[in-house]
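For reference, the structure is listed below as structure tokens.
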Amino acid sequence: MKKRLAVIERNKCHPTECGDYLCAKLCPVNRAGKECILPGDDKKALIDEVLCTGCSICCHRCPYEAIQIINLPAHLNKPPVHRYGQNMFELYSLPAPLFGLVTGIVGKNGIGKSTALKIMANLLKPNLGKFDQEVEFKEIINYFKGTETQKFLEKLQKKEVQLSYKPQQVDLIPKQFSGKVINLLKKINKDETKVNEIIEKLHLTNFINNDISKISGGELQRVAIAATVLKEGNLFLFDEPTSYLDIKQRINSSKFIRSLANDHTSTIVIEHDLIILDYMTDLINIMYGQENAFGVVSGVKSTREGINAFLEGYLKEENVRFRDYHIKFEKTQQRQQGKKISLISWGKLTKKLDQFNLSAEAGELNKNEIIGILGENGTGKTSFVKILAGLIKPDKGKINQKVKVSYKPQYLDLDPEILVAEYLQDAVNNHNNQLIKPLNLTKLLTQKISELSGGQLQRVAIAHCLSQEAELFLLDEPSAYLDVEQRLLISKIIKNQAQEREITILVVDHDLMFLDYLSDKLIVFTGEPAKSGTLQGPFSMEAGMNLFLQGLNISLRRDQNSHRPRINKLGSVKDREQKAQNKLYYS
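Following this line, the structure appears as structure tokens:
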């Protein structure tokens, strides 16, 4: 059985531009007269994994960094569940759906989470690594013999399982359907009572008569969740159901997804927001591996144990370490602050934007601190950040000091033809060790902006913003499109930058754990979405979180082992105790 995996990223392989298959010319096996590396049908390089000795010369010398040679872990002693093709991604094992429970999948991007869900949704037939031939269903059943997955696949074949799948890319929905939101939902389910019930539970009423091409990303996400549930399956598969949603919508959607679990249904969810994942699931499958090369699904664990194991980077039962460092949370009071020096302040501000009214209480930001900004969508967070950036002016009041500002907007609009190296020239020249290397951007420098994924583009934009010579840095939703590990890595980089350069950083985000891990203080926006918003703060973390959590009617405790924040079960002893003491957030 082969233990070596050779992966070539096709979009990065440019044989004629590297000197006519440089990898093949340098390969010791080729030079000895055998064909380990040779041109494929698509003119890209191909590597024979049987002949490959694992010397990795081709990896190190490929100018486009298109090749990975990986020695697979010893416990992967059977063929993969699925392989996309020669020298392409491999997936090992699948999550097992358990009826009556909500199972979560957590792991970094590029290790097969969506592939696993597509197989579960019967959209992708597993080939057991035999990508060049048809695999019979009997072989697939035999592969999973004696497991819960075998039982699931047999039920799937007998059509005893009715699938309902919400894909990751909800922005594709308007390209597949046209017309009003209500018409789409009624087309899926003729039961008007059921449709109205789902509309109310997911708070779709305000835009139900809007054209589906005109609604926002958050509204589109909730419509996708509604459509998935209205199909009335008994296996619900949700791929990142909370992206584009604010924290209030995330909590509500989590409660809704959790309510689907009963003895006749099973639910599987991929989610990167760990607080939400913890809140909505009973069990966890951790996925680990190497990005764009291979992915492995761990055995199922309780949610608390699973998330803690993920943060630790170690699977005790499998004896597998998949990360060489632990992710640890600090208690807020342990973060040390020096002498306060004011950087920028504002008096009472007001701004009218069409039908929306923004007001801000007087406040100030100090040097060398990180301020998180929390609030529902449509309450003025981005508008206030634009006022600080000087992009819009308030109707009343003013910013009292002029400071140099660097701004990363929520929606990135960059020249698609510009090279990443050109866009990040300042970062490469001045912050290579602080930004480029830790954000793993070196491999992207030769690519155009148009060739980047959402997560890659986000990391590039963050690096660009933080590389500027400024005193105040404004980051609007920097965690969007990033996986859990990348979010916590970004947090660490932001904290290091603030400390080393004594700069002030404002971060708008909806991931509570991300802001908890990152922030020294909080600004809270309250109000009625799309109508009015009021800025309050900055507050201490405890005071700011208390104010914000009151509006959500939830309380947070800290996990005893990892110190990560967790939502208390509504009405539990801990929840009642903290609410009675008005300590909704335990720092």
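Note that the sequence shown ends on residue 607 in the working numbering; no numbers are left out. C-beta atoms are modelled at their ideal positions from N, C-alpha and C, and glycine is treated no differently.
> To which residues of the same chain is H34 closer than 7 Å at the C-beta, ignoring the five residues directly before and after it?
Replying inline: Counting only Cβ-Cβ distances below 7 Å, and skipping sequence neighbours, we find Y84.
>> Rounding to the nearest angstrom, what Cα-Cα distance links N3 and G199 in this structure?
In response: A query on residue 3 cannot be resolved here, the shown segment of the chain reaching from 21 to 607 and no further.
>> Once DSSP output is grouped into helix, strand and coil, what is the label at R355?
In response: Note on R355: pLDDT 48, under 50, position unreliable in the model; no value is reported.
> Rounded to whole angstroms, how far is the Cβ of M300 from the Cβ of R278, which I believe are closer than 8 Å?
Replying inline: 5 Å
> If you check the beta carbons only, do T123 and N305 fall under 8 Å apart?
Replying inline: yes
>> Using only the alpha-carbon positions, how far apart do S379 and T285 sit?
In response: 46 Å
> What is the C-beta distance between A500 and K424, in whole angstroms, given that I count them as a contact (C-beta under 8 Å)?
Replying inline: No, A500 and K424 are not in contact; Cβ-Cβ is about 25 Å, not under 8 Å.
> Can you pull the DSSP bridge partners for I391?
Replying inline: According to DSSP, which records beta bridges pairwise, I391 is partnered with L526, K541.
> Looking only at its own chain, which residues have a Cβ that is under 7 Å from the Cβ of K268, when we skip the five neighbours before and after it?
Replying inline: E396, L572
> How big is the Cα-Cα spacing for R355 and V70?
Replying inline: For R355, the predicted model reports a pLDDT of 48, less than 50, meaning its position is unreliable; a value from the coordinates is still stated below. When rounded, the separation of the alpha-carbon atoms in R355 and V70 is 53 Å.
> Nearest-angstrom Cα distance between Q293 and H484?
Replying inline: With the sequence shown as reference, residue 293 is identified as Asp, and Gln is not the correct amino acid for it. Separation of D293 and H484 (C-alpha to C-alpha, rounded to the nearest whole angstrom) is 25 Å.
>> Counting C-beta neighbours from all protein chains within 10 Å, is the total for K186 16 or more, i.e. buried, or is it exposed?
In response: buried
>> Going by DSSP in three states, G199 sits in which element: helix, strand or coil?
In response: coil
> Which residue's Cα is closest to the Cα of K422: S365, G591, L439?
Replying inline: S365
> Between which two residues does the beta strand (DSSP E) carrying G383 extend?
Replying inline: 383-386
> Which residue comes first and which comes last in the alpha helix (DSSP H) that contains D259?
Replying inline: Note, D259: premise wrong, no alpha helix (DSSP H); beta strand (DSSP E) at 255-259.
>> Is the separation between the beta-carbon of Y104 and that of F151 shorter than 8 Å?
In response: yes
> Below 8 Å, can you find three or more Cβ-Cβ pairs linking the stretch 113-127 to the stretch 454-466?
Replying inline: no
>> List, from N- to C-terminal side, the beta strand (DSSP E) runs of 3 residues or more that fit wholly inside the stretch 480-521.
In response: 492-496
>> Please report the straight-line C-alpha distance between D536 and P585, rounded to a whole angstrom.
In response: 8 Å
> Which of the three DSSP states, helix, strand or coil, is assigned to N107?
Replying inline: coil
>> To test your reading of the DSSP string, which unbroken alpha helix (DSSP H) runs of 4 or more residues are found completely within the stretch 168-225?
In response: Look at the stretch 168-225 and you find these whole runs of alpha helix (DSSP H), each 4 residues long or longer: 168-177, 193-196, 201-208, 212-221.
> How big is the Cα-Cα spacing for R30 and A86?
Replying inline: 7 Å
> For the putative contact between K368 and E381, defined by C-beta atoms under 8 Å, what is the C-beta separation to the nearest angstrom?
Replying inline: 6 Å
> Does the distance from the C-beta atom of H102 to that of P146 stay below 8 Å?
Replying inline: yes
> Where do the ends of the alpha helix (DSSP H) carrying E314 lie?
Replying inline: The question names Glu, but residue 314 is Phe in the sequence shown. Segment 314-317 is the beta strand (DSSP E) holding F314; no alpha helix (DSSP H) there.
>> Here's the rule: buried if 16 or more other CB atoms are within 10 angstroms of the residue's CB, otherwise exposed. What is Q601?
In response: Answer is exposed; the Cβ neighbour count stays below 16.
>> Starting from I90, trace the beta strand (DSSP E) in both directions and tell me its first and last residue.
In response: 87-91
> Which whole-angstrom value describes the C-beta separation of Q182 and L255, a residue pair presumed to lie in contact below a C-beta threshold of 8 Å?
Replying inline: 7 Å
> Touch check for the stretch 124-144 and the stretch 236-243: three-plus C-beta pairs under 8 Å?
Replying inline: no
> Should L118 and L25 be called a contact, given that it needs their Cβ atoms to be closer than 8 Å?
Replying inline: No, they are not a contact pair.
>> In this structure, how does DSSP classify H284 when only helix, strand and coil are distinguished?
In response: Under the three-state reduction of DSSP output, H284 falls in the coil class, being neither helix nor strand.
> Which one or two residues does DSSP pair with G124 in a beta bridge?
Replying inline: V289, I304
> Span of the beta strand (DSSP E) holding Q556?
Replying inline: That run of the beta strand (DSSP E) goes 552-560.
> Can Q430 and D496 be called in contact, C-beta distance under 8 Å?
Replying inline: Yes, the pair counts as a contact, with Cβ atoms nearer than the cut-off.
> What whole-angstrom Cβ distance do I208 and K251 have, given they're in contact under 8 Å?
Replying inline: 6 Å
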